[in-house]
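Chains as they are written, first to last, in my numbering: chain U, 1 to 495; chain W, 496 to 570.
This is how it looks when you write it as structure tokens:
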């Protein structure tokens, strides 16, 4: 006997308000909502199959419905009716004060002799400055020492002895080199660690799935990068932008000192030519940068993010890339995402890197497109830290995997390459992994899809953004993972 | 505080926010959103009578990073 799939409860409702009107929902969405009277419904989804939806309760014919359906089917229903929200039912509990907990802290190594290591390139032996070296004596307990190499590529690690066996040694260079992971390795004072240089014509995960974006791909589509700022780079053409951090110069939308935003921008829109430069997925888009992280800061406020989103919508951006998230849902960002959709713009948001079955906010907002990270065996060196990200289950093609760090869940809409991705950083190139990289890969692909939609209305409204969401979902290729791991799949741009 | 809807924040609403005792408007340069320094409850009370507005405490989102980190020194 086959067990029926487990169903979870959701509220199905218009993008704004609790009832469908001409202002809040296109006719197709209104008809769908009106058809959902109480009882069991078979909903046909793209691809010829159907989903069983139990309508448990309703606030009138045009009103919100309480429905039950399998989590695996959520992405398909959202793609079918992008003008409607499908929000998980939440049960609130009394806000009890948390109990105090004792946190065990290991005794500090008062006198910890340092092991001096040198990090160099494996081709010419040049020192690698600014590399983060993380040495685990006990990986499960998070014990060890870490630091950053100096201009001579040297670092002193407080490991408590002149020679130490490490469970794991990670090296994360800033630019130009692949990261490194060595396991069960003994490091001794005066030792050297060698890194492989990045070759710009290497077939990494991004180029495996998307190749190098053709000249002009995505032309006419305006894309916002809401991030740490985007620095000038020979491979990037930045149309403009704004810094929305309160108290800083609004015109300073360059990097805040963290390369993240410049890397994200290159994945979407880099226009270089390998092997002297790199190509993004959609080199023809009009790229706009909105900096939401203050200079030198590692956090962005919900205020700065919402302000940037509003600015991007006002500037006519079709797609808003948000490779950020985490923390509790808040109504300020929720309304910003919904207002963007109502004004014809679509937010594409990273699912988060916690390796948890829970998509981060704001990717979890049902008006955003949530993107998880896909990896591909053979698209990074065998001794790079990316080897850590390989985990089952594997796709129909057994070289495809969902990255171990990628958050999963029914809120996922898409998956994009996000393991060992080479892109632009201030002053050069670097490889980074994360749903932060998968997100712009999906955004670039979506931009090419938008560019190929001549019938797309110029009127910036909910119907326009719904058409974009529907087209992107329809383009997605199922890679053979469960929908909670890949959403609708990998968005594929037209030939 | 953010004004949700099809248009920018109403000037009269902003004036009521500015008049709130012990509230300081730090940034009202955006068409829809206002950064206010205040106790939370007076803002929540005010929003009850301002249709279309939402209020939330300022909170920070970190720069995403998948790199491993040490939490404590070797035992």
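Note that beta-carbon positions come from the ideal geometry of N, C-alpha and C, so glycine has one too.
Local Cβ density within 10 Å of residue i, reported as buried at 16 or more and exposed below that
| i | result |
| --- | --- |
| residue 340 of chain U | buried |
| residue 201 of chain U | exposed |
| residue 350 of chain U | buried |
| residue 140 of chain U | exposed |
| residue 483 of chain U | buried |
| residue 198 of chain U | buried |
| residue 74 of chain U | buried |
| residue 275 of chain U | exposed |
| residue 153 of chain U | buried |
| residue 348 of chain U | buried |
| residue 261 of chain U | buried |
| residue 416 of chain U | buried |
| residue 231 of chain U | buried |
| residue 125 of chain U | exposed |
| residue 395 of chain U | buried |
| residue 524 of chain W | exposed |
Minimum Cβ-Cβ distance from residue i to chain U less than 8 Å
| i | result |
| --- | --- |
| residue 540 of chain W | no |
| residue 504 of chain W | no |
| residue 559 of chain W | yes |
| residue 527 of chain W | yes |
| residue 562 of chain W | yes |
| residue 565 of chain W | yes |
| residue 569 of chain W | yes |
| residue 530 of chain W | yes |
| residue 507 of chain W | no |
| residue 497 of chain W | yes |
Min CB distance residue i to chain W below 8 Å
| i | result |
| --- | --- |
| residue 312 of chain U | no |
| residue 268 of chain U | no |
| residue 186 of chain U | no |
| residue 80 of chain U | no |
| residue 20 of chain U | no |
| residue 353 of chain U | yes |
| residue 401 of chain U | no |
| residue 275 of chain U | no |
| residue 380 of chain U | no |
| residue 326 of chain U | yes |
| residue 13 of chain U | no |
| residue 350 of chain U | yes |
| residue 170 of chain U | yes |
| residue 246 of chain U | yes |
| residue 434 of chain U | yes |
| residue 323 of chain U | yes |
| residue 394 of chain U | no |
| residue 405 of chain U | yes |
Start-to-end residues for the alpha helix (DSSP H) that takes in residue i
| i | result |
| --- | --- |
| residue 470 of chain U | 462 to 475 |
| residue 445 of chain U | 435 to 451 |
| residue 580 of chain W | Since the first residue shown for chain W is 496 and the last is 570, residue 580 of chain W is missing from the structure and cannot be characterised. |
| residue 34 of chain U | 27 to 35 |
| residue 261 of chain U | 260 to 269 |
| residue 207 of chain U | 205 to 210 |
Three-state secondary structure assigned by DSSP to residue i
| i | result |
| --- | --- |
| residue 484 of chain U | helix |
| residue 142 of chain U | coil |
| residue 249 of chain U | coil |
| residue 358 of chain U | coil |
| residue 512 of chain W | helix |
| residue 92 of chain U | In this prediction, residue 92 of chain U scores a pLDDT of 41, lower than 50, which makes its location untrustworthy; no coordinate-derived value is stated. |
| residue 290 of chain U | strand |
| residue 313 of chain U | helix |
| residue 302 of chain U | helix |
| residue 385 of chain U | helix |
| residue 339 of chain U | helix |
| residue 69 of chain U | strand |
| residue 331 of chain U | helix |
| residue 307 of chain U | helix |
| residue 224 of chain U | strand |
| residue 282 of chain U | coil |
Range covered by the beta strand (DSSP E) that runs through residue i
| i | result |
| --- | --- |
| residue 398 of chain U | Segment: none, residue 398 of chain U is in no beta strand (DSSP E) and carries neither H nor E. |
| residue 556 of chain W | 555 to 557 |
| residue 79 of chain U | No beta strand (DSSP E) contains residue 79 of chain U, which is instead part of the alpha helix (DSSP H) from 74 to 80. |
| residue 240 of chain U | 238 to 243 |
At a Cβ cut of 9 Å, what residues of the region 130 to 151 of chain U count as close to chain W, listed as they run along the chain?
Only those residues of the region 130 to 151 of chain U whose C-beta falls short of 9 Å from the nearest C-beta of chain W are listed: 132, 134, 135, 136, 137, 138, 139, 141, 142, 143, 144, 145, 146.
Could you please tell me which residues of the region 251 to 265 of chain U, in chain order, have their CB closer than 7 Å to any CB of chain W?
Going along the region 251 to 265 of chain U in chain order, one finds 258, 260 with a Cβ nearer than 7 Å to chain W.
May I ask you to list, following chain order, the residues of the region 290 to 319 of chain U that have a beta carbon less than 8 Å from some beta carbon of chain W?
Under the 8 Å Cβ criterion, the region 290 to 319 of chain U contributes 293, 298, 299, 300, 301, 302, 303, 305, 306, 307, 310, 311, 314.
So if I threshold CB-CB distances at 7 Å, which residues from the region 545 to 559 of chain W count as touching chain U?
For the region 545 to 559 of chain W, which is checked against every Cβ of chain U, the residues closer than 7 Å are 549, 551, 553, 554, 555, 556, 557, 558, 559.
For the region 331 to 345 of chain U, list every residue whose C-beta sits within 9 Å of some C-beta in chain W, in sequence order.
Cβ contacts with chain W come from 331, 332, 333, 334, 335, 336, 338, 339, 342, 343.
What residues from the region 514 to 525 of chain W come within 7 Å of chain U, judged by C-beta to C-beta, listed N to C?
Look at the region 514 to 525 of chain W: the residues with a C-beta under 7 Å from a C-beta of chain U are 521, 522, 525.
Of the residues that make up the region 208 to 242 of chain U, which ones have a beta carbon closer than 8 Å to any beta carbon in chain W?
From the region 208 to 242 of chain U, only 228 have a Cβ closer than 8 Å to chain W.
Residues of the region 154 to 182 of chain U with Cβ closer than 7 Å to any Cβ of chain W, in chain order:
Residues 158, 159, 160, 170, 172.
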